[in-house]
Amino acid sequence: MMVEHNTSTNGFNSTLPLLLGETLPIKITKLVCYALVFIIGVIGNALIFRMVVRRRKLQTVSNYLICNLAAADIAVLTVNLPFRLAYQENSYIWPFGWFLCKIIPMLTYLFITASSATLVIMALDQHRAVVHPLKKRITITQTKIVIGVVWFVSALITLPLNFFLQLVDRKGRPVCTDIWPSLQFEQCYFVMLFFLQYLLPMSVIIGFYSHVCLKLKYPPMEVALAQSLLQLREKRNKKVIKMLIVIVAVNAVLTLPYHVTWLIAIFGHPHSIVKKFCVLLVIATSAAHPIIYGTLNKDFAKGFLSYSQYIRCVKCFREQVSSYTETLRKYSNQNSHLVGRSSLSQSNQVYLVHEKSRLNSVPALTDNGIIVVNEYETCL
Numbered sequence: 001m002m003v004e005h006n007t008s009t010n011g012f013n014s015t016l017p018l019l020l021g022e023t024l025p026i027k028i029t030k031l032v033c034y035a036l037v038f039i040i041g042v043i044g045n046a047l048i049f050r051m052v053v054r055r056r057k058l059q060t061v062s063n064y065l066i067c068n069l070a071a072a073d074i075a076v077l078t079v080n081l082p083f084r085l086a087y088q089e090n091s092y093i094w095p096f097g098w099f100l101c102k103i104i105p106m107l108t109y110l111f112i113t114a115s116s117a118t119l120v121i122m123a124l125d126q127h128r129a130v131v132h133p134l135k136k137r138i139t140i141t142q143t144k145i146v147i148g149v150v151w152f153v154s155a156l157i158t159l160p161l162n163f164f165l166q167l168v169d170r171k172g173r174p175v176c177t178d179i180w181p182s183l184q185f186e187q188c189y190f191v192m193l194f195f196l197q198y199l200l201p202m203s204v205i206i207g208f209y210s211h212v213c214l215k216l217k218y219p220p221m222e223v224a225l226a227q228s229l230l231q232l233r234e235k236r237n238k239k240v241i242k243m244l245i246v247i248v249a250v251n252a253v254l255t256l257p258y259h260v261t262w263l264i265a266i267f268g269h270p271h272s273i274v275k276k277f278c279v280l281l282v283i284a285t286s287a288a289h290p291i292i293y294g295t296l297n298k299d300f301a302k303g304f305l306s307y308s309q310y311i312r313c314v315k316c317f318r319e320q321v322s323s324y325t326e327t328l329r330k331y332s333n334q335n336s337h338l339v340g341r342s343s344l345s346q347s348n349q350v351y352l353v354h355e356k357s358r359l360n361s362v363p364a365l366t367d368n369g370i371i372v373v374n375e376y377e378t379c380l
């Protein structure tokens with residue numbers, strides 16, 4: 001996602017995309033969209049991750065897979081997005097050095113591949129739960145092992161890209177690009193990535209969920225015989241499947257333009273602004289996922305609500321403390337002002353009473369030993 005393609009048999013030519021100028025409204029819109037996607041995606045997925053880890057009730061196979069998808073989304077947003085945006089806004093000059101040029105693009109493809117594989121595992125898990133409801137489902141430990149295998153296989157698929165990433169000098173400008181032995185080699189690799197990241201996963205997922213929908217509409221005999229025992233599980237499965245189908249649909253719609261434009265980039269010359277927009281759509285899936293979770297999953301919705309209430313309580317508490325502090329400050333200022341006036345008035349009145357008492361030879365005392373002058377009291 002990060003590299004600028006250089007396809008040539010000698011490893012270097014001038015096929016970097018044309019840096020078309022962006023108008024100010026387009027640039028502002030792009031930056032605002034990136035900022036919203038980053039904030040919503042990082043905070044939303046982090047809360048999902050926190051809820052699953054801290055609440056035992058949410059520690060299910062499906063939620064662990066959702067947690068893995070959230071981790072991949074956070075990685076895309078925190079690793080890919082800042083470097084990509086800086087690279088674009090710096091006129092495609094790579095200021096981050098050779099090592100990050102090797103690592104960042106490869107990690108981006110790794111995260112995308114891991115996300116696609118996780119969606120396939122989710123579909124497989126729900127297919128097993130609905131089609132074979134009486135069979136034992138995989139355990140949490142087995143799920144963790146599957147997640148580890150997903151990341152390992154994804155790393156193997158994307159590792160070859162690392163060997164072709166180079167930081168080259170182009171007219172005094174450092175450019176992070178991929179240099180391939182031949183155009184055909186590059187085309188074959190990225191067609192393979194399209195097949196493994198999009199075409200194959202989506203085909204498998206559509207097949208699994210189509211079969212699941214048929215089984216929910218026409219339950220098998222084993223389910224009909226144990227309907228009373230499986231009714232609650234079936235209801236829960238329907239809700240989870242509905243949420244996962246929406247996630248898959250959003251991913252399919254938002255990532256397809258990116259894959260198409262990237263294939264065009266390999267075989268032709270796409271419009272750079274169109275390509276930037278398609279990349280934004282891909283990154284937007286990372287922000288869409290927590291919104292879907294909070295909308296279609298009751299447990300996650302309650303979790304988001306509790307966090308929002310906590311934030312409101314903290315805000316209210318801070319406002320109350322601030323108001324109380326301001327009130328104390330004003331009261332302290334007023335009190336010090338009144339005390340100053342009162343002290344001056346009292347001293348004058350005590351002096352007058354003393355003079356009057358001295359002249360009359362009668363001390364002006366009350367029964368309590370307090371000199372009373374008008375409305376003020378002074379202890380002897």
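Here the sequence shown is numbered in the UniProt record's numbering, starting from 1 and rising by one per residue.
Positions of the beta carbon are idealized from the N, C-alpha and C atoms, including for glycine.
Which of helix, strand or coil DSSP assigns to residue i
i: residue 134; result: coil
i: residue 353; result: With a pLDDT of only 44 at residue 353, under 50, the local geometry of the prediction cannot be trusted, and no value is derived from it.
i: residue 257; result: helix
i: residue 98; result: helix
i: residue 251; result: helix
i: residue 108; result: helix
i: residue 294; result: helix
i: residue 358; result: Any reading at residue 358 is ruled out, since the residue's pLDDT is 47, under 50, leaving its predicted position unreliable.
i: residue 139; result: coil
i: residue 268; result: coil
C-beta atoms of residue i and residue j nearer than 8 angstroms
i: residue 162; j: residue 106; result: yes
i: residue 250; j: residue 292; result: yes
i: residue 382; j: residue 125; result: With the chain covering only 1 through 380, there is no way to say anything about residue 382.
i: residue 113; j: residue 196; result: yes
i: residue 266; j: residue 190; result: yes
i: residue 140; j: residue 260; result: no
i: residue 176; j: residue 278; result: no
i: residue 110; j: residue 154; result: yes
i: residue 104; j: residue 173; result: no
i: residue 216; j: residue 130; result: yes
i: residue 303; j: residue 51; result: yes
i: residue 296; j: residue 246; result: yes
i: residue 288; j: residue 294; result: no
i: residue 27; j: residue 280; result: no
i: residue 71; j: residue 38; result: no
Length of the line joining the Cα atoms of residue i and residue j
i: residue 85; j: residue 328; result: 48 angstroms
i: residue 305; j: residue 282; result: 27 angstroms
i: residue 81; j: residue 255; result: 16 angstroms
i: residue 89; j: residue 252; result: 28 angstroms
i: residue 286; j: residue 117; result: 15 angstroms
i: residue 201; j: residue 159; result: 19 angstroms
i: residue 115; j: residue 213; result: 23 angstroms
i: residue 8; j: residue 181; result: For residue 8, the predicted model reports a pLDDT of 38, less than 50, meaning its position is unreliable; a value from the coordinates is still stated below. Going from the Cα of residue 8 to the Cα of residue 181 covers about 7 angstroms.
i: residue 69; j: residue 76; result: 11 angstroms
i: residue 22; j: residue 83; result: 19 angstroms
i: residue 400; j: residue 133; result: Absent from the model: residue 400. The displayed extent of the chain is 1 to 380, so no value can be given.
i: residue 178; j: residue 156; result: 18 angstroms
i: residue 169; j: residue 274; result: 26 angstroms
i: residue 257; j: residue 150; result: 25 angstroms
i: residue 188; j: residue 308; result: 48 angstroms
i: residue 53; j: residue 63; result: 10 angstroms
i: residue 298; j: residue 143; result: 23 angstroms
i: residue 128; j: residue 137; result: 8 angstroms
i: residue 56; j: residue 95; result: 45 angstroms
i: residue 171; j: residue 248; result: 44 angstroms
i: residue 43; j: residue 24; result: 28 angstroms
i: residue 146; j: residue 152; result: 10 angstroms
i: residue 268; j: residue 74; result: 32 angstroms
i: residue 264; j: residue 78; result: 27 angstroms
i: residue 210; j: residue 91; result: 46 angstroms
Buried versus exposed call for residue i [16 or more other C-beta atoms within 10 Å across all chains shown]
i: residue 290; result: buried
i: residue 148; result: exposed
i: residue 243; result: buried
i: residue 205; result: buried
i: residue 108; result: buried
i: residue 185; result: exposed
i: residue 98; result: exposed
i: residue 41; result: buried
i: residue 385; result: The chain is shown from 1 up to 380; residue 385 falls before or after that span and cannot be answered.
i: residue 199; result: exposed
Any chain D beta carbon closer than 8 angstroms to residue i
i: residue 292; result: This model lacks chain D altogether; it includes just one protein chain.
Where are the alpha helix (DSSP H) runs, 4 residues long or more, that stay fully inside the region 161-205, in chain order? Counting only runs of 4 or more, we get 183-194.
Taking only runs that begin and end inside the region 17-92, name each unbroken alpha helix (DSSP H) of 4 or more residues, in chain order. Qualifying alpha helix (DSSP H) stretches, in chain order: 24-54, 61-75 and 81-89.
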